[in-house]
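Numbers given in our numbering equal positions in the sequence shown, counted from 1, plus 78.
Ideal Cβ positions, reconstructed from N, Cα and C, are used throughout, including at glycine.
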Amino acid sequence: MDNAAVDAEQLEGQAGERFRLSGPWRNTTLDTVMPKLLKMRDDFESRDPSGGCVEIDISGISTLDTSGAWIIRRMQLGAGEKNEVRIVGGTDAMRELISALPEQPPLPDKIVVRRPLMQKIFDPLGHMSVNLMQDVLAMSYVLGSAVRGAQSKEKRGGRASIASIVNQLDHMGVRAVPIILLMSFLIGAIIAQQGAFQLRYFGAEVFVVDLVGILQLREIGVLLTAIMIAGRSGSAITAEIGSMKMREEVDALKVIGLNPVGVLVLPRIIALVIALPLLSIIANFAALYGAAVVSLAYSGITFQVFVTRLHDAVDYATFAAGLIKAPFMAVVIGIVAAVEGMKVGGSAESLGQHVTASVVKSIFVVILMDGLFAVFYAAINF
């Protein structure tokens with residue numbers, strides 16, 4: 079017999095039924111008998127027998143595996159709720175296999191885990207606090223290792239490669255100029271247009287020059303440039319270091335006696351410290367030019383009047399207030415990007431997650447730092 083089979087009959091001389099099982103009861107042969115078993119189960123339950131005897135005769139089974147034994151075990155447990163169930167026939171090994179299977183009650187439809195309200199509130203906060211502390215420690219480690227230099231031992235100290243710094247300056251600075259120019263020009267034009275539109279009600283459109291000059295030089299210029307660099311160069315740093323870590327190139331640097339952070343991170347941080355202030359200056363000029371163009375077209379303020387008014391409205395302190403922030407923001411962007419790059423695991427999914435985290439964290443820290451500088455400037459009346 080190639081397939082499993084089952085037949086039902088009444089027990090002689092007593093209330094109950096006998097189920098005769100025959101054939102090979104294996105995983106590959108049970109598909110033919112399952113529909114009949116389900117129908118027999120429904121018929122058996124519809125008669126609602128109780129207090130009788132159910133006999134499962136397995137003497138006709140030729141071979142039995144765990145799948146077949148589990149079906150028989152389920153028959154035994156299902157019929158045994160209201161009846162006496164006996165398993166007869168078969169070999170000792172078959173009966174032992176059936177009896178060895180555990181009794182598993184049906185699982186509830188949905189397991190609902192109810193946690194106390196305070197746990198729901200403080201558990202995420204605890205995880206965030208631990209992750210924040212780990213990030214701070216990792217940033218401190220990266221900063222210290224970068225300052226230490228390229229060599230792995232302090233007594234041998236090493237300097238950053240000039241060629242590497244120049245190469246990173248080309249990638250992070252020179253190639254970023256077009257997008258910085260375009261975005262800053264548009265931002266300056268938008269600020270001028272919106273400012274002139276509102277000041278027109280007071281007959282003070284000329285003060286749009288003061289608005290754009292102070293806002294751009296103190297805040298918007300360096301802040302937007304740092305955000306664009308965080309998205310452009312910060313993500314690139316994380317992706318480069320992360321891909322090197324995936325290919326075990328970082329471990330190779332350790333093997334040959336070099337400090338990976340000093341070799342990979344220090345040139346990038348130095349390049350960012352040089353590039354970000356210069357890009358901020360370029361962004362300021364582009365934004366002011368955009369504001370001048372819009373002021374001429376929208377309010378009739380000529381370039382000569384714009385420059386004269388700008389000279390009277392801003393001074394060196396206004397320009398320096400924004401430029402001082404740039405190196406600090408550059409260091410933060412580089413360190414955050416490097417930390418996320420060093421966290422990358424061995425999968426492309428991990429790389430994508432940490433690149434995203436790098437950009438988000440860098441932008442958040444840059445905005446936070448800008449706010450701290452604003453409070454500091456107000457405290458010292460700068």
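Unbroken alpha helix (DSSP H) runs of no fewer than 4 residues, entirely contained in the segment 287-334, are found at 299-307, 313-324 and 327-333, following chain order. Boundaries of the beta strand (DSSP E) around V84: A83 to Q88. For Q154, the closest alpha carbon among the candidates S137, G138 and C131 is that of C131. Look at D135 here: in three-state DSSP terms it is strand. The DSSP-derived three-state label of I402 is coil. If you draw a straight line from the Cα of R346 to the Cα of A270, it is about 35 Å long.
Between Q246 and A457, the alpha-carbon positions lie close to 37 Å from each other.
Scanning its chain for C-beta atoms nearer than 7 Å, with the 5 sequence neighbours on each side dropped, one finds around A399 the residues R296, Y455 and F460, in chain order. In the DSSP assignment, E174 falls within the alpha helix (DSSP H) that extends over D170 to A178. Here the segment 336-344 does not lie against the segment 268-282, with fewer than 3 beta-carbon pairs under 8 Å apart. CA-to-CA, the gap between H389 and V438 works out to about 37 Å. In the three-state reduction of the DSSP assignment, I165 falls in the strand class, which pools E and B.
Segment contact: the segment 238-257 against the segment 367-377, fewer than three CB-CB distances shorter than 8 Å; contact not assigned. The count of Cβ pairs closer than 8 Å, one atom from the segment 94-107 and one from the segment 144-151, reaches three, so the stretches are in contact. Counting the other Cβ atoms within 10 Å of the Cβ of K117 gives fewer than 16, which makes it exposed. Listed as beta-bridge partners of G101 by DSSP are I139.
The shortest C-alpha to C-alpha distance from T386 to any of T396, V287, E327 and S358 is the one to V287.
Apart from sequence neighbours up to five positions away, the residues of its chain that approach I243 with a beta-carbon distance below 6 Å are P345, I348 and A349, ordered along the chain. For T434, the uninterrupted alpha helix (DSSP H) segment begins and ends at A426 to A457. Under the DSSP definition of a beta bridge, R96 partners with E87 and E133. If you look at F384, you'll find it in the alpha helix (DSSP H) that goes F381 to A391.
Between K421 and Q212, the alpha-carbon positions lie close to 11 Å from each other.
If you compare the alpha carbons of L142, I136, E95 and A83 with that of K114, the shortest gap goes to A83. Following the DSSP letters along the chain, one finds A282 in no alpha helix (DSSP H), marked with neither H nor E. The C-alpha of E318 lies about 31 Å from the C-alpha of L450. When secondary structure is reduced to three states using DSSP, F275 falls in the helix class. As summarised for the segment 338-378, the continuous alpha helix (DSSP H) elements at least 4 residues long and confined to that stretch are 338-342 and 344-377, given in chain order.
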